[in-house]
Amino acid sequence: MLQPIYLHRGLTLLPGQADLRQLLSGATQLVSTAVPAASALDLDCHGSFLGDVDMSDLAPDRSVKKTTERQSRWLINTAVRTKDALAPLFSGAEAKGLYIGLGTVDCDEADEQAFLASCTTQDLSDHKLTHNNPMVGLILLNTTATSHISQMCQITGQNCCFAHLQDGGANAAIEASYDLAEQRTQLALVGGGAHKITPWYLLANEQYWRSFSKLWLTEAAAFFVMSHQPSANRLLAHYRGRRGNGGDWTALIRQLALHLTEWPKHRLMQIIISGGMPEQQQIKLQLQNVAGAAKLIFIEEGCGFIGAASCAAAVNLALELLQDDVAAPDADGLDAVLVLTLGPSQQFSYLLTGKQP
5 MLQPIYLHRG LTLLPGQADL RQLLSGATQL VSTAVPAASA LDLDCHGSFL
55 GDVDMSDLAP DRSVKKTTER QSRWLINTAV RTKDALAPLF SGAEAKGLYI
105 GLGTVDCDEA DEQAFLASCT TQDLSDHKLT HNNPMVGLIL LNTTATSHIS
155 QMCQITGQNC CFAHLQDGGA NAAIEASYDL AEQRTQLALV GGGAHKITPW
205 YLLANEQYWR SFSKLWLTEA AAFFVMSHQP SANRLLAHYR GRRGNGGDWT
255 ALIRQLALHL TEWPKHRLMQ IIISGGMPEQ QQIKLQLQNV AGAAKLIFIE
305 EGCGFIGAAS CAAAVNLALE LLQDDVAAPD ADGLDAVLVL TLGPSQQFSY
355 LLTGKQP
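Counting along the sequence shown from 1, when you hit position 185 you're at 189 in this note's numbering, and nothing is skipped either side.
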């Protein structure tokens, strides 16, 4: 018999310690600046950047201090602080797992401004492939960040990495839910990190970026926890599909509509969406047909493109909304929120969470 899964709110790290809910409401804004490397690719791109993080109070051992790169430190810091905030859950679970979506890293701590100001796409490609092996960066991030998180959070069970962009974070959450439902683990630390904004990041995803007229990239990290320990918010449903043969999202949104009918006692008043920006208007119209009065929240409108961190950030926001019982206009209560992720590899994933009856 499948075990029920409960969600526990963790931490979301954004530039300037910004609050995602305030960003989406327009109460605050992130600072963004032009990304120098983008001009070589003829991209209109701005970025919001994270500074380094101070982990001294977490008492990391020497190996963490010595080997972690800045992007890894964002992940480690956010994951460990999420664990500390939910310490009773971790102490009560024997089988724990880590599920993480990762932006890859090129180990390039500083852009070379003089070179970037005059280089061409070919120059950039030749330079990055000569001076930075991108797979070495991916391997370093996967081994250092995840192993250090597991060590500092005392996770000895499942350890799963997924890359990259929005799909990485969504896959981490879906795989964690499968393992929990089938009792392969009792607690899952789930999250993701955006890619550090570097020339290689722009170059490696150049084809995808060209689908945007304007591009806003943001560095971020976010984690939350799934467990069998009862809480106010239960995972009601989860789903992962893929649109076929280059088609639009219509068939998958119809599938979503069928799934929602299985939960008639829950009023779906919020849908939090990440991804699908080039097709945002089309998706908005289709979701309004499916969910009626539900309020649609697009993550990227408030904080830019945060890649593999977007699913966990959206889940944390959903749990905050449920906790505060913030309803859409003319609604009489909020007891279910849908987190929907639309990935660049044509993947469609959602998590439906709601208050316990």
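The beta-carbon is built from N, C-alpha and C at its ideal position, and this holds for glycine as well.
Beta-carbon proximity of residue i to residue j, cut-off 8 Å
i: Gly96; j: Asn163; result: no
i: Ile277; j: Val341; result: no
i: Ala83; j: Ile9; result: no
i: Trp204; j: His50; result: no
i: Ala298; j: Leu260; result: no
i: Cys165; j: Leu193; result: no
i: Val343; j: Gly14; result: no
i: Leu169; j: Ala312; result: yes
i: Leu323; j: Leu11; result: yes
i: Ser76; j: Ala149; result: yes
i: Leu106; j: Ala180; result: no
i: Leu6; j: Glu283; result: no
i: Phe302; j: Ile201; result: no
i: Ala31; j: Leu206; result: no
Cβ-based neighbour list, residue i, same chain, cut-off 8 Å, excluding 5 preceding and 5 following
i: Leu27; result: Leu18, Gln33, Leu34, Gly306 and Cys307
i: Thr254; result: Gln290
i: Glu266; result: Ala241
Cβ shell of residue i (< 6 Å), same chain only, five flanking positions each side left out
i: Gln190; result: Ala97, Ala99 and His232
i: Cys315; result: Gly173, Ala174, Ala177 and Thr345
i: Lys218; result: Asp48
i: Asp171; result: Gly347, Ser349 and Gln351
i: Arg74; result: Asp56
i: Asp339; result: His270, Arg271, Gly358 and Lys359
i: Val319; result: Phe228 and Val343
i: Ile159; result: Lys100 and Leu102
i: Gln21; result: none
i: Phe94; result: Lys87
i: Asp334; result: Note that Asp334 scores a pLDDT of 48, beneath 50, so its modelled location is shaky and nothing firm can be said.
i: Gln155; result: none
i: Gly279; result: Gln170, Thr345, Leu346 and Gly347
i: Arg85; result: Leu15
i: Asn81; result: Val57 and Met59
i: Leu79; result: Ala149, Gly197 and Ala225
i: Asp61; result: none
i: Glu304; result: Met281
i: Ile310; result: Ala198, Thr222 and Ala224
i: Gly161; result: Ala99, Lys100, Gly101 and Thr189
Same chain, Cβ closer than 7 Å to residue i, neighbours up to 5 away in sequence not counted
i: Thr125; result: Ala44 and Leu45
i: Ile257; result: Gln290, Leu291 and Val294
i: Thr24; result: Checking the displayed sequence, the identity of residue 24 turns out to be Leu instead of Thr. Within the same chain, Leu24 has close Cβ partners Thr16, Leu18, Gly306, Cys307, Ala317 and Leu321.
i: Thr37; result: His50 and Gly51
i: His263; result: Ala241 and Tyr243
Beta bridge counterpart(s) of residue i as assigned by DSSP
i: Tyr354; result: Tyr243 and Leu344
i: Met273; result: None, per the DSSP bridge assignment.
i: Leu325; result: DSSP, once it has assigned bridges, lists no residue as partnering Leu325.
i: His50; result: Ala38 and Trp220
i: Lys359; result: Asn237
i: Asn163; result: Leu102
i: Thr12; result: Reading off the sequence, residue 12 comes out as His, not Thr. Its beta-bridge partners are Val229.
i: Ser278; result: Thr345
i: Leu17; result: Ala225
* Can at least three beta-carbon pairs, one atom from the segment 285 to 292 and one from the segment 184 to 203, be found at a separation below 8 Å? -> No, because fewer than three Cβ pairs between the segment 285 to 292 and the segment 184 to 203 fall closer than 8 Å, the two stretches do not touch.
* Are three or more beta carbon pairs between the segment 239 to 246 and the segment 342 to 358 nearer than 8 Å? -> Under the Cβ criterion (8 Å, minimum of three pairs), the segment 239 to 246 counts as touching the segment 342 to 358.
* To do: Could you tell me whether the segment 224 to 231 touches the segment 206 to 216, using the rule of 3 or more Cβ pairs below 8 Å?
  => Short answer: they don't touch.
* Sequence ranges, alpha helix (DSSP H) only - wholly within the segment 180 to 236, length at least 4 -> 203 to 208 and 210 to 213
* **alpha helix (DSSP H) runs contained entirely in the segment 295 to 324, provided each spans 4 or more residues** => Listed in chain order, the complete alpha helix (DSSP H) runs (minimum 4 residues) inside the segment 295 to 324 are 303 to 307.
* To do: Would you mind listing the beta strand (DSSP E) stretches within the segment 57 to 112 that are 3+ residues and don't spill past its ends, in chain order?
  => Within the segment 57 to 112, the complete beta strand (DSSP E) segments of 3 residues or longer fall at 100 to 106, listed in chain order.
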